[in-house]
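This report refers to the structure that appears directly beneath it.
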Amino acid sequence: MMEHLPIVMIVLPLLSAVVTPVAGRIHRVLSWYIVVIVTALCFAGSLSLLSTVLETGRISYWLGGWEPPWGIEYLIDYLNAFVLCLVAFIAFIVAVYAKKSVELEIDEARLPLFYGVYLLFVTGLMGIVITGDIFNLYVFLEIASLAGYALIAIAKRREAAMASFNYLVMGTIGATFVLLGIGHLYMVTGSLNMADLAQRLPALYGSKVVQTAFAFFAVGLSIKIALFPLHNWLPNSYTYAPSAVSAIMAATATKVGAYAFIRVMFTVFHAEFLITGIHLNHLLLFFAALAILMGSILAVAQTDIKKMLAYSSIGQIGYIILGISLMNLTGIQGSLLHIVNHALMKGTLFLAVGGIVYRLGITTIEDFKDLGRKMPVSMAAFTVGAFSMIGVPLTVGFVSKWYLAIAALEAGMWYLIIVLMLSSLLTAVYFWRVIDNMYFQPHDASKVSEGSVVVAESNPKDAPVLMLLPTIVTAVLCVFFGIFASLPLSLAEKASMILLR
Amino acid sequence: MTEFISAKYNYWIYIFLMMVGFYAAIAKRNLVKKVIGLNIFQTAVFLFYISIAKVKGGTEPIWMEGNPVYTNPLPHVLILTAIVVAVSTTAVALAIIILIMKQFGTVEEDKILKLLEPHD
């Protein structure tokens, strides 16, 4: 049984995704129990895989016993073991959180379907992370994306359908580019296994076909991770999706995209090819710096909290790409850390905001006056997340920013420090606006803006326990891994050493 | 030059189709037309995959005595998967369009954006 764990991680949520809507017909709450149990099992499985990887170095699982490169191989090393844990953890946390939240934000009849699609989404994300076959990666990418479009469109607000449609058009173009990239690689190598490709490609780096393939991969995956000029689909999708969906999407979808980006760039291709072959590092650096600054500037301009967090995500994607584009050990280590850290802090923030939406149905920052007194625990979690985003020491945000800054110095690019400082400053500005409203502004009952879908309670309590607990857990982890950073650090270091070889 | 075009005409068709689909998906204002554009875009990629599978003088990939040259069957199988993906994408897209139609009463992007504008 244990040696089949890699495939069980995929098959279990995939089959449960079919069972869930059926079980929901018997009793609605059953579907929620299934999701929580399945995601908990996946999280346990991912931890077990991680511990095996820590002992043995890597796990190679052959689907159907077919030897790679002919068969599909699931290859787990330090890098994907730890991204897998992250995805499974967030999926579990958000599943627990979702019950109360989606009951209010989604039509009751659709709830079992929602949970089914949620599991499909998780299947897709874990599949992307676990697979060692590049065509398999494309298929899982599409499973995750298609489930993602449905999860956004399921929200009651009518803007959600339009946001979802735009995401679908952009996402399909991106995924089709990835498919074309795979086709071009197959054309010259005749292989689809990533490890096999990595061995065959160096001899062909001069080939125009390989360079074209890389261009398709780079653009396609950049759309998926919403790198700045290609970010258009992201803000509306995150803003109008149900709270639980915003949380899991912001915390995992773009992170897994970034993982795929790193995988393709460093495992399938080599860092050497990127630097000397096509000089990608300078181009990527430019877009990363642009994303960091523009994301932060656009976030400052927002009045809706979810939209503000969405734009801030675009800036944070810039950080991840920045570390990659430096192409040194510390930079990639910083990027990998930031993948995990950003997932934790954005998760916390979106979960806390979901609590506000649940109780009050407001998302306009102006209306947050006096919330610090009304919903103390949610707001404390929000503040921890916000401090972490700014990069205050003792939070996770500080650790990854520190590593990125050191990497920039190692690469001799001191001017990147200015970009980092400036964006931290802007982050402080837009989060301070929220915190200032929450704690330091007296409540003005006459001015509550309209357009809130959910009926507001006149005297709100803090969010329900089922929603509060996941928020607290992620917030505590934000601080915990900020103080005891050695575990994620050592994992990220081992992973980046594999990547740079 | 003519040989450059005629010898690889299937690739030119694929590029042409892909650009047609890409243009429609981006520039058309009607949501259904956008989906049609996406379909053409994806179909073009299928043609590309089928083209790279062709081996000159190759037969069907069935074991036959005395004729070892056969067309590579793998891209065909890959494209079967991609066709399934394209069909599901179309299904999801059309479902979302039905939702949009119900909520806005139109599938013209301009009119929808006008409806979404905040009116004070």
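Read top to bottom, the protein sequences are chains G and F. FYI, the numbering for the first sequence is -10 to 490, going by the numbering used here. FYI, the numbering for the second sequence is 2 to 121, going by the numbering used here. In this text, a Cβ means the ideal position worked out from N, Cα and C, and glycines have one as well.
Simplified DSSP state of residue i, which is helix, strand or coil
{"i": "residue 446 of chain G", "result": "Note that residue 446 of chain G has pLDDT 47, beneath the 50 cutoff, so the model's placement of it is unreliable and the number below is only indicative. In the structure shown, residue 446 of chain G sits in coil (DSSP, three-state: anything other than H, G, I, E or B)."}
{"i": "residue 293 of chain G", "result": "strand"}
{"i": "residue 439 of chain G", "result": "Note that residue 439 of chain G has pLDDT 49, beneath the 50 cutoff, so the model's placement of it is unreliable and the number below is only indicative. Note: residue 439 of chain G maps to coil in three-state DSSP."}
{"i": "residue 165 of chain G", "result": "helix"}
{"i": "residue 101 of chain F", "result": "helix"}
{"i": "residue 89 of chain F", "result": "helix"}
{"i": "residue 96 of chain G", "result": "coil"}
{"i": "residue 51 of chain G", "result": "strand"}
{"i": "residue 451 of chain G", "result": "coil"}
{"i": "residue 11 of chain F", "result": "helix"}
{"i": "residue 5 of chain G", "result": "helix"}
{"i": "residue 492 of chain G", "result": "The structure shown has nothing for residue 492 of chain G, since chain G only spans -10 to 490."}
{"i": "residue 67 of chain F", "result": "coil"}
{"i": "residue 65 of chain G", "result": "strand"}
{"i": "residue 479 of chain G", "result": "helix"}
{"i": "residue 31 of chain F", "result": "strand"}
{"i": "residue 60 of chain F", "result": "strand"}
{"i": "residue 120 of chain G", "result": "strand"}
{"i": "residue 4 of chain F", "result": "helix"}
{"i": "residue 110 of chain F", "result": "helix"}
{"i": "residue 59 of chain G", "result": "coil"}
{"i": "residue 44 of chain G", "result": "helix"}
{"i": "residue 105 of chain G", "result": "helix"}
Top-ranked residue by Cα proximity to residue i, from the options
{"i": "residue 387 of chain G", "options": "G:370, G:371, G:404, G:410", "result": "G:410"}
{"i": "residue 393 of chain G", "options": "G:370, G:306, G:365", "result": "G:306"}
{"i": "residue 2 of chain G", "options": "G:12, G:-8, G:-6, G:24", "result": "G:24"}
{"i": "residue 262 of chain G", "options": "G:461, G:125, G:75, G:199", "result": "G:199"}
{"i": "residue 303 of chain G", "options": "G:257, G:206, G:225", "result": "G:225"}
{"i": "residue 364 of chain G", "options": "G:187, G:461, G:333, G:7", "result": "G:461"}
{"i": "residue 79 of chain G", "options": "G:463, G:178, G:20, G:53", "result": "G:463"}
{"i": "residue 168 of chain G", "options": "F:43, F:91, F:54", "result": "F:43"}
{"i": "residue 146 of chain G", "options": "G:165, G:231, G:-2", "result": "G:231"}
{"i": "residue 308 of chain G", "options": "G:377, G:298, G:323", "result": "G:323"}
{"i": "residue 379 of chain G", "options": "G:419, G:429, G:32", "result": "G:419"}
{"i": "residue 244 of chain G", "options": "G:362, G:31, G:334", "result": "G:334"}
{"i": "residue 250 of chain G", "options": "G:348, G:266, G:126", "result": "G:126"}
{"i": "residue 49 of chain F", "options": "F:11, F:88, F:4, F:111", "result": "F:11"}
{"i": "residue 339 of chain G", "options": "G:233, G:99, G:20, G:191", "result": "G:233"}
{"i": "residue 358 of chain G", "options": "G:421, G:319, G:296", "result": "G:421"}
{"i": "residue 284 of chain G", "options": "G:301, G:400, G:128, G:371", "result": "G:301"}
{"i": "residue 52 of chain G", "options": "G:120, G:17, G:8", "result": "G:120"}
Within chain G, the residues that residue i reaches when beta carbons sit closer than 7 Å
{"i": "residue 79 of chain F", "result": "124"}
{"i": "residue 113 of chain F", "result": "151"}
Partners in chain G for residue i, counting only beta-carbon separations shorter than 9 Å
{"i": "residue 94 of chain F", "result": "138, 154, 157, 158, 161"}
{"i": "residue 124 of chain F", "result": "In the structure displayed, chain F extends from 2 to 121; residue 124 of chain F sits before or after that span and is not available."}
{"i": "residue 1 of chain F", "result": "The structure shown does not extend to residue 1 of chain F, since chain F spans only 2 to 121, so no value can be given for it."}
Proximal chain F residues relative to residue i, where beta-carbon distance stays under 7 Å
{"i": "residue 147 of chain G", "result": "104, 105"}
{"i": "residue 165 of chain G", "result": "42, 43, 46"}
{"i": "residue 142 of chain G", "result": "97, 100"}
{"i": "residue 168 of chain G", "result": "46, 83"}
{"i": "residue 150 of chain G", "result": "97, 100, 101, 104"}
Contact belief for residue i with residue j at Cβ below 8 Å, rounded distance in angstroms
{"i": "residue 114 of chain G", "j": "residue 133 of chain G", "result": "5 Å"}
{"i": "residue 502 of chain G", "j": "residue 62 of chain G", "result": "A query on residue 502 of chain G cannot be resolved here, the shown segment of chain G reaching from -10 to 490 and no further."}
{"i": "residue 315 of chain G", "j": "residue 396 of chain G", "result": "5 Å"}
{"i": "residue 321 of chain G", "j": "residue 328 of chain G", "result": "That pair is no contact at about 11 Å."}
{"i": "residue 412 of chain G", "j": "residue 281 of chain G", "result": "5 Å"}
{"i": "residue 202 of chain G", "j": "residue 174 of chain G", "result": "5 Å"}
{"i": "residue 346 of chain G", "j": "residue 457 of chain G", "result": "No, residue 346 of chain G and residue 457 of chain G are not in contact; Cβ-Cβ is about 14 Å, not under 8 Å."}
{"i": "residue 416 of chain G", "j": "residue 373 of chain G", "result": "With 8 Å as the limit, residue 416 of chain G and residue 373 of chain G do not qualify as a contact, their Cβ atoms being about 14 Å apart."}
{"i": "residue 197 of chain G", "j": "residue 455 of chain G", "result": "The Cβ separation is near 56 Å, so there is no contact."}
{"i": "residue 164 of chain G", "j": "residue 93 of chain F", "result": "With 8 Å as the limit, residue 164 of chain G and residue 93 of chain F do not qualify as a contact, their Cβ atoms being about 13 Å apart."}
Interface residues of chain F facing residue i [CB-CB closer than 8 Å]
{"i": "residue 257 of chain G", "result": "Per Cβ cutoff of 8 Å: no residues; residue 257 of chain G is ~17 Å from chain F at best."}
{"i": "residue 128 of chain G", "result": "82, 86"}
{"i": "residue 183 of chain G", "result": "In chain order: nothing, as chain F lies at least about 15 Å away."}
Beta-carbon neighbours of residue i, restricted to chain G and to distances below 8 Å
{"i": "residue 89 of chain F", "result": "131, 135"}
{"i": "residue 53 of chain F", "result": "172, 175, 176"}
{"i": "residue 50 of chain F", "result": "172"}
{"i": "residue 34 of chain F", "result": "Near residue 34 of chain F there are no residues of chain G at all, since even the closest Cβ is about 11 Å away, more than 8 Å."}
Where residue i meets chain B, residues with beta-carbon distance less than 9 Å
{"i": "residue 26 of chain F", "result": "Chain labels in this structure do not include chain B; the protein chains are G and F."}
Could you tell me which uninterrupted beta strand (DSSP E) segments, each at least 3 residues in length, are contained entirely in the region 148 to 211 of chain G, listed from first to last along the chain? none
Segments of 3+ residues assigned as beta strand (DSSP E) that fall wholly inside the region 312 to 377 of chain G: none
Beta strand (DSSP E) runs contained entirely in the region 234 to 271 of chain G, provided each spans 3 or more residues: none
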